[in-house]
Every structure is written in structure tokens, then in C-alpha cells.
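The block underneath contains the structure these notes are about, expressed in C-alpha cells.
Protein chains: 2
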Amino acid sequence: MTSEDGVRATFVEGMGGIGEFWGIGKAMGQIWATLYLSQDPMTMDDLVREVGITKGHASTNLRALLRLGLVSKSFRPGDRKDYYTPQADLWAFARSVLRERQQQEFDVALASTSRSLQQLEASRAGLPAAEYRFLKARLDAVRDFHGTIDRAVNALLRLEDLHQAAVRLTSRRRSN
Amino acid sequence: MTSEDGVRATFVEGMGGIGEFWGIGKAMGQIWATLYLSQDPMTMDDLVREVGITKGHASTNLRALLRLGLVSKSFRPGDRKDYYTPQADLWAFARSVLRERQQQEFDVALASTSRSLQQLEASRAGLPAAEYRFLKARLDAVRDFHGTIDRAVNALLRLEDLHQAAVRLTSRRRSN
DNA sequence: CGGAGTGTTTAGAATGTCCTAAACGTTCGA
DNA sequence: TCGAACGTTTAGGACATTCTAAACACTCCG
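Residue numbers (the numbering used here), protein chains in the order written: chain B, 1 to 176; chain U, 1001 to 1176.
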């Protein structure tokens, strides 16, 4: 029980909240935060002790973190334990999370809108012309909107240095 | 039961998913979608019928939608019903949702990180110098990161035409 | 072999969120 | 004043999610 424990506890708790908020779960946030404030790689047992979750839960969440590239695993000769290291580059971290969310969003949104448009065309004959035009215009607007967002996010994700883009965006040059 | 019902059902269901995904809830997404595909303002009873939720639930979610500016309310002389109209400008819609999330995120993230930093300073005397420097560096990195993101999002929110920014971002001019 | 050390899987408990049903309050017109 | 129309609030049920506990599988070493 050293004197910096409060520091870690506060930060870990906060990252738990952020993890929930961004849809990656409280435990994942807490695990990542714990690793992030550790000078050395940690084992699953270390995490079980420090985060206060069970081994099984740690296992599941570590696997998810590995899949997202938010944590990496390493080994030591003559030691059967796995050692975990956090992705400490916060911009890479953000890119991973954003990429994941983008993927999910894209699936559901694109599917429903384009399917609606197909159905609209299919039933065009049975509709009043004004109704058809109205629905077409609205659904097209959604599709265009989504397409633009999607391209913008992908452009962001392709930037090797997201940080630079953010700084540039912040510097309020009026470009017109 | 006209032939375009499938169109609406598909889209409404999809927006329900998107609402969940963005943390505003399924019902809010569905209600907004229903209004968006209606040529005329709708009453709460209309929505109860079309979306298939109860009056109470509709009431709660409509209030939330109003608060976020995603829906607006109007009246007709000699008619006690409230009439609801969707925010049909999708860029304004996105701005509202983004603003809301930004607010929440900022609260939790800033609070935990800066509190951690305070605690770190408070317990500085009892810490090995190397440990102090390590924690300070990591927490500072988080705070800087968060500050940059926060400024970037606020810059986006201030743009009167978010669409233009997205289009510009997409057009991949190498600016260095 | 057998047993200790490590990580994974799973059944179910705990928790939180969403939604309904119904009571309630208010306003308006007969 | 009464009752109908409309919207709000609330108690609780249904559901999904998250987490625990414990069984399980694998590997290595004595």
C-alpha cells in the first residue's frame, strides 16, 4: 500500500468509464489503464490482483484488447506466463477504437438505408408520385450523408499521424 | 397497409440500431426515423401507433429528442395535441449528437485525469523520483491528448457547415 | 505418471437498461 | 362540475450485459 495508489485508482476508474462510454467495456478500459501506469509488462495474475477482476474475465478482456491492438503480449524465456504491454501511443489507441466503431456503424447503417432504397424502387409503381419523390429524397440524403462521413473517417484513419490532423484542424485557419 | 410500409419499417429499424450505437437509445432513433419519413408533423398518438411503443415511453423519448434539438414541437390553433417535426438537416443532427457525447466524455475524462495528477503531486514526496517521473509523463500525455481532441471537436462543432469540413477532409490534398 | 502452474470456457448470478402498464395531473368543452 | 383528451410520472417486469466461480484443458517438470 504505497502512497501513489490513489493516483492509479483514480485513473483506472476513470478509464473504466471511458471504456464503457466508447463501447469497449469497463473492464477493458481498466485493464488498459493499469498497464499504462505500470513501468513493466504485467502478467494476468498481476492484473487480476490490481484491477480486482477474476482470471476468466481478465482472460476474455485481454483477448479483446489484443484483437483491437490496444495491448500486446510478450514472453520470457523459461517463463510460462504471458506478459502484457499497453499500446501507449494514444493516437494509435484512438485510431484502433475509431476503426472498430466505424466498422460496426457502417454495417448497420449502410445495410438499412440501401435496403430501404431498394424496397422503395420495388414498390414505386404502387405509390403516389409525390410520396415516392419525398421518400427518395430523404433516403438519398441519408445515404449521401453516410457516404460522406464514411469517407471522412476513412481519410482520418489513413493518416499515419492522426495527431497532426487534429492539431491542424484546431489552428482555425479560415480556408475560404 | 400500403406498399411502402416495408421501406419505412426497414429504415426505422436501422435507425433504432444507430440510436443504440450512438448511445441515444433505440426508441429515440426509431422515433426520429419515423418522423423523418413522414411528410407531415406527427402527434404522439401517431408515433405510438407507428413505432409500436407505449405512450409513456414515447413521452420520455420525445422530451429527450427535444432537449437534444433532434425534434421540434409545434401547435395548431384549436388543437390540444402537440405536433412533432424532425430535425431533417443531417449535419445539424450529427452536430447535436456529437456535442452531447463530447460533453459527457469531457466530464468523466477530464475529471479523472486531472484528479490523478493532483494526487500525484500530493504524494510526490513519498515516491521514488523515477516512479514520479514515469507517472507524470504518462498522465501528462493523457491530458494533452484529451485537450487536443477536445479542441478539435469543439472546432468542428463551431463550424457552421460541418458538411464542408467533411468534404474538404475527404479531398486528400497533401498539405505539407 | 502425477501434480503444479497457466490460461480458457461456461453456467449462472448480479447489475443495469429499456419498455410497459397504469395511475396521475391538467386542460378544455359540454 | 363532470368527463374526455392529452401528456407525464412511476412501479415493476423483461431483457441484455457484465462479472464471478468453478470446471476444464494444456504444458512442463519432479
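C-beta: ideal position from N, C-alpha, C; glycine also.
In whole angstroms, what separates the C-alpha of U/Pro1041 from that of U/Thr1085?
What you label residue 1041 of chain U is simply residue 41 of the second sequence in a count that begins at 1. What you label residue 1085 of chain U is simply residue 85 of the second sequence in a count that begins at 1. For the pair U/Pro1041 and U/Thr1085, the Cα-to-Cα distance works out to about 5 Å.
Return no unless some Cβ of chain U is closer than 8 Å to the Cβ of B/Gly19.
Residue numbering aside, residue 19 of chain B sits at position 19 when the first sequence is read from its first letter. Contact of B/Gly19 with chain U is not assigned, every C-beta pair being separated by 8 Å or more.
Would you say B/Ile149 faces chain U, with C-beta separation under 8 Å as the test?
Residue mapping note: residue 149 of chain B aligns to position 149 of the first sequence, counting from 1. Contact of B/Ile149 with chain U is assigned, a C-beta pair being separated by under 8 Å.
Where does the unbroken alpha helix (DSSP H) through B/Ser114 begin, and where does it stop?
As a working note, residue 114 of chain B is residue 114 in the first sequence. First-last of the alpha helix (DSSP H) with B/Ser114: 90–122.
Measuring CB to CB, does B/Ser96 end up less than 8 Å from B/Leu120?
As a working note, residue 96 of chain B is residue 96 in the first sequence. As a working note, residue 120 of chain B is residue 120 in the first sequence. Contact flag unset, no.
Since I believe B/Thr34 is in contact with U/Ser1116 (beta carbons under 8 Å), could you give me their beta-carbon distance rounded to a whole number of angstroms?
Mapped onto the second sequence, residue 1116 of chain U falls at position 116. Mapped onto the first sequence, residue 34 of chain B falls at position 34. Contact between U/Ser1116 and B/Thr34 does not hold, since their C-beta atoms are separated by about 13 Å, which reaches or exceeds 8 Å.
Coarse secondary structure for U/Ser1074, derived from DSSP in three states:
One-based indexing of the second sequence puts residue 1074 of chain U at position 74. DSSP, reduced to helix, strand and coil, places U/Ser1074 within a strand of the structure shown.
Which residues bound the beta strand (DSSP E) around U/Arg1080?
Along the second sequence, one-based indexing puts residue 1080 of chain U at 80. Note, U/Arg1080: beta strand (DSSP E), 1079–1086.
Per DSSP, B/Met42 is paired with what?
By 1-based counting over the first sequence, the position of residue 42 of chain B is 42. As computed with DSSP, B/Met42 is found in a beta bridge with B/Tyr84.
Mind checking whether U/Leu1068 and U/Glu1100 have CB atoms under 8 Å apart?
By one-based count along the second sequence, residue 1068 of chain U stands at place 68. By one-based count along the second sequence, residue 1100 of chain U stands at place 100. Yes, Cβ-Cβ distance for U/Leu1068 and U/Glu1100 is below 8 Å.
Is the distance from the Cβ of U/Ala1111 to the Cβ of U/His1146 below 8 Å?
By one-based count along the second sequence, residue 1111 of chain U stands at place 111. By one-based count along the second sequence, residue 1146 of chain U stands at place 146. Between U/Ala1111 and U/His1146, the CB-CB gap reaches or exceeds 8 Å.
Let me make sure I understand the geometry here. Which of U/Gln1030, U/Ala1130, U/Met1044 has the alpha-carbon closest to that of U/Ser1074?
Stepping through the second sequence from its first residue, residue 1074 of chain U is reached at position 74. Looking at the Cα atoms, U/Met1044 is the closest of the given residues.
If we call anything under 8 Å between Cβ atoms a contact, is B/Leu169 one with U/Ala1094?
Numbered from 1 along the first sequence, position 169 holds the residue referred to as residue 169 of chain B. Numbered from 1 along the second sequence, position 94 holds the residue referred to as residue 1094 of chain U. With contacts defined as CB atoms closer than 8 Å, B/Leu169 and U/Ala1094 fail to qualify as a contacting pair.
Below 8 Å CB to CB, which residues in the same chain sit around B/Val142 once its five sequence neighbours on both sides are set aside?
As a working note, residue 142 of chain B is residue 142 in the first sequence. Thr113.
List the endpoints of the continuous alpha helix (DSSP H) containing B/Glu20.
Here the question's residue 20 of chain B lines up with position 20 in the first sequence. Run containing B/Glu20: 5–21, per the alpha helix (DSSP H) assignment.
Taking C-beta pairs closer than 7 Å, name the residues in chain B that U/Tyr1036 reaches, listed in chain order.
What you label residue 1036 of chain U is simply residue 36 of the second sequence in a count that begins at 1. Near U/Tyr1036 (Cβ distances below 7 Å), the residues of chain B are Arg138.
Just reading off the alpha helix (DSSP H) that B/Gly69 is part of, what are its end residues?
Counted from its first residue, the first sequence places residue 69 of chain B at position 69. Where B/Gly69 is concerned, there is no enclosing alpha helix (DSSP H), given that its DSSP letter is neither H nor E.
Using DSSP with H/G/I as helix, E/B as strand and the rest coil, what is U/Gly1147?
Working through the second sequence from its first residue, we reach residue 1147 of chain U at position 147. DSSP, reduced to helix, strand and coil, places U/Gly1147 within a helical segment of the structure shown.
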